[in-house]
Amino acid sequence: MNIITFNHVTKEYKNKKAIDNLSFSIEENKITGIIGRNGAGKTTLLKIIAGFFEQSQGEVKVFDETPFNSITVSANCIFIDDQLSFPSTLNLGEILDATGKFYENWDTKLANGLFDYFNLDRHQSHEHLSKGMKSTFNVIIGLASRCPLTLFDEPTTGMDAAVRKDVYRALLKDYITKPRTILISSHHLQEIEDLLEDILLIKDGKAHLHLPVSDMKEYAIGIKGKASVLEKWLENRDILHKSNLGTDSLYVVVRNNFSTTELEKARVSGLILSQVNSSELSVYLTSKTKGGIDDVFSETYNW
Amino acid sequence: MTTMIGAIIPLLLTLFIIYAFVEMRRKNNSKGTFWRGTRLKVLLGTYATTLLISMLFFPFLPYTSYGEISENEQLHNESQRFFDALYDGRLEERREEVIVRERYQFDYQDDILYLETTNYTEFYDTVFVEQSESQETIEVIYYVELGKYRQLINTEDIPTLRADLFGNRLHLEQPDLLTINFFEYKKEFPLAQFSGEDWWDDRGYRYLGQSAIYIKVPEELQVISRMADGHLQFVR
Amino acid sequence: MYLAKPTIGKVIKKQFIYKLKANLEVYATLVGVQLFALLLSFNAVAGSGGGNNFINIRTNYYSVDLVIIFTMFWAFITAIILTTKTSRNEDFNFVTTRMISNLSNGCFLLTASIVGGVTAMLTTFMQKIILFFIGGDIFLLPENVTSYMLEVFMGSGVAILHVLLLSMLGYFIGTLVQLNKIFAVVLPIVFFGLLFTGGQNGPPLVLTQIFQFFFSETSLVLFVLKAILSAALLLNLSIYLSNRLEVRL
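Protein chains in written order, with our numbering: chain A, 1 to 303; chain B, 1001 to 1236; chain C, 2001 to 2249.
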């Protein structure tokens, strides 16, 4: 069953399209990573799902309802980011209590357990927390509310590496205990790769790729070799990345739709084939140009 | 004593609040809210309690008011009635309104009596002289009518006339002015809006009262004023 | 999959209770505002003097009109603060929709108006007690204390409506400003424009007419109707206008 369905959705901001004719759907009880560069439209996408924003065109369905002004979506969906702010009159403990009153599945035990583990103090005020602590606290709220649809927008902003690891582990463990649909946005796939089942790659407000993480490994192939040999191979291929290695060698990443025999031939003709890991791939897929940052220099200085 | 405490609490509270606001300003600079948690609840509780206590004590404040004021009691009429009664010699019949503040009596044998005062430009009362057959002495009476305030002012508090006889000179000394500050409530606008009455009309210029110096002398005595013109009136 | 299906009423109640707690500090401001106004109201609202040959009377009249007016300003500002981006965003931390958010704000402002109106009227007793001790030579209390107190209680109801009207006006204005920042400039200009046009020989001032519509109404029933309907109208307009307003921008 699809929890989220986007059907040719466009969101415009002052004549700029943050989301451009986007269509996809997300199944129940999956953890999906929304991957894209800054400004690709990840946050806009999540906020449309949460019902904060209204799409300019197209149709959005969350739990079979239009999320904007839907009480069902609001009651069953929580959106967590580092912009979350609470009234300064409430301390952390009171914020937890208040949140618990709103969400039916709220798990007080889990909230308190995580709260103590991450050394938070009930009497602290939210605005006095450090950036990392704030993010940790927000994640605790996101997890403990146990909403059927949980949205995390860059949840680990400001956290140090050890806390990040703990947070992701907590997320995974809690997901296993109580499976639900989780969307995590990040511009950094590597960090959440092990957690994810599906990946939705977004570029310029468009869905670039939507597939299981396991398929990512097979999606592309890296080929290294002499430029003259390679050029022939690359005809009619979907080149994702291209960079120069020395004067006459090239490294390219292409869509892997080669047959086994073709790959065998390549090896024979002296090309070195390599697997492209998913985080590397996501960087290539979401970059503006095929050559990445190298293009800037090659075009500017004629390298 | 209890009402005393009821009055002091809000005063102290006001001072406390001023202090608290200064304090809050100071603390607010380092972000965060000063009024939160227990501190906030104590503030609100104290305020609510003070208001309630004030409300409960209010009916027990010593009760003062004008008392009933008759409808025909208007400036012109009242004044007229006072002087009509005075000319008719019936002033003392109006015991309800008119007070004999002071009464002097002097034995006197001469034929001429001079009336004088220290500074006649500041002498405002009119002196009424009644020459009567039955009178053998000189009698100086200071009549006071309090009008609107008759229920509020003690007779003893009204400054009185001094009269002394030096030879054939009757020396009169104008009483001091009694200055009184009244504090009166005015209905708040949500109350006044529907009562249909203009509170100002109701309280404006009511009759404040009159006073008169009344001197009774033997019929054949000649009274000569050394004061300003018009201050001496002969009755009958 | 099990989905929570809360009713609108339940969520409004939750949001309302949450707001009471989260915005409790507005009452600290109220205490400050009322005490400040009370301090100012120890200046007589009116005075009259009179005297004759032996007596010189000075009468000062006191009321807590100022406290009520300040409380109305407080409600106006409180309502505007509720419409700001931060407040709206904070609503959407939890379960809500735009309508629920607005309706729970309405409930909150109604509660604030009740608290504000009643406490403002009650300060009259505090003022009179203090005046009794620090005041003049003779302090005149109402002719009939019981009926005055009853009148004050009834007046509290009227004060509540005055405060509510101002808070709903503030809420409406705040909503307009949220829709378009240009209102933050336009509305004050319109206000001062209306303040200084007309009058004299021309048609009566619009503001005066609005003012008289409420404050010169001498029928209690009509006033209650006018106030409640106007407040409801303002809230409804706010709900209607902000129903497509995006949050967490």
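We treat Cβ as the ideally placed atom computed from N, Cα and C, and that holds for glycine.
Judged by beta-carbon spacing, residue 62 of chain A lies beyond the 7 Å limit of residue 9 of chain A, meaning their Cβ atoms are not closer than that value. As DSSP reads the structure, residue 275 of chain A sits in a beta bridge with A/221.
Considered as a whole, the segment 187-251 of chain A harbours 198-203, 206-212, 220-226 and 239-245 as its complete beta strand (DSSP E) runs of no fewer than 3 residues, in chain order.
Under the Cβ criterion of 7 Å, residue 98 of chain A is counted among the residues facing chain C.
At a cut-off of 7 Å between beta carbons, residue 2079 of chain C makes no contact with chain A. Counting only Cβ-Cβ distances below 7 Å, residue 2086 of chain C has contacts in chain A at 85, in chain order.
Close CB contacts of residue 220 of chain A within its chain, under the 7 Å cut and outside five residues either way in sequence, are with 240, 253, 254, 255, 256, 276 and 281 (chain order).
Of all residues in the segment 1033-1045 of chain B, the ones placed with a Cβ closer than 9 Å to any Cβ belonging to chain A are 1033, 1035, 1036, 1037 and 1040, in chain order. Beyond the five residues adjoining it in sequence on each side, residue 25 of chain A comes within less than 6 Å, by CB distance, of 2 and 5 in the same chain, given in chain order. DSSP lists B/1171 as the beta-bridge partner residues of residue 1164 of chain B. C-alpha of residue 2180 of chain C to C-alpha of residue 2209 of chain C: approximately 28 Å in a straight line. Ranking B/1222, B/1149, B/1209 and B/1189 by CA distance to the CA of residue 2066 of chain C puts B/1189 first. Under the rule that a run must span 4 or more residues, the alpha helix (DSSP H) segments found entirely inside the segment 1042-1123 of chain B read 1075-1087. Neighbours of residue 2 of chain A in chain C, taken as residues whose beta carbon is under 8 Å from its own, are absent, since the nearest beta carbon is some 11 Å off. Taking 7 Å as the cut-off, the beta carbon of residue 23 of chain A is found no closer than this to the beta carbon of residue 51 of chain A.
Here residue 2242 of chain C really is in contact with residue 2178 of chain C; their C-beta atoms are around 7 Å apart, less than 8 Å. Less than 7 Å divides the Cβ of residue 2050 of chain C from the Cβ of residue 1208 of chain B. Beta-bridge analysis with DSSP links residue 125 of chain A to A/91. Residues of chain C with a Cβ closer than 9 Å to the Cβ of residue 101 of chain A are, in chain order, 2014, 2017, 2018 and 2094. Contact of residue 1180 of chain B with chain C is assigned, a C-beta pair being separated by under 7 Å.
When Cβ-Cβ separations below 7 Å define contact, residue 2083 of chain C makes no contact with chain A.
Separation of residue 18 of chain A and residue 210 of chain A (C-alpha to C-alpha, rounded to the nearest whole angstrom) is 18 Å.
Residue 2061 of chain C carries a strand assignment under DSSP once its states are collapsed to helix, strand and coil. In the three-state DSSP reduction, residue 1151 of chain B falls in the coil class, being neither helix nor strand. Contacts between residue 2188 of chain C and chain A, judged by CB atoms closer than 9 Å, are missing: the closest CB pair is about 26 Å apart. Interface with chain A (7 Å Cβ-Cβ cutoff): residue 2022 of chain C is included.
Residue 2168 of chain C has a beta carbon lying at 7 Å or more from every beta carbon in chain B. DSSP places residue 166 of chain A in the uninterrupted alpha helix (DSSP H) bounded by 161-177. Fewer than three beta-carbon pairs drawn from the segment 2183-2192 of chain C and the segment 1221-1230 of chain B are found closer than 8 Å, and the two stretches are therefore not classed as touching.
The continuous beta strand (DSSP E) containing residue 2049 of chain C extends over residues 2046-2051. In the DSSP assignment, residue 288 of chain A falls outside any alpha helix (DSSP H), carrying neither H nor E. Look at residue 1210 of chain B here: in three-state DSSP terms it is strand.
Think of a sphere of 9 Å around the beta carbon of residue 2062 of chain C: the chain B residues whose beta carbon falls inside it are 1183, 1184, 1185 and 1186, in chain order. For residue 2122 of chain C, the enclosing alpha helix (DSSP H) starts and ends at 2098-2134. Sequence-ordered contacts of the segment 2035-2064 of chain C with chain B read 2035, 2036, 2038, 2039, 2044, 2045, 2046, 2048, 2050, 2051, 2052, 2053, 2054, 2055, 2056, 2057, 2058, 2059, 2060, 2061, 2062, 2063 and 2064 [C-beta pairs closer than 9 Å]. Counting other Cβ atoms within 10 Å of its Cβ, residue 40 of chain A reaches 16 or more and is therefore classed as buried.
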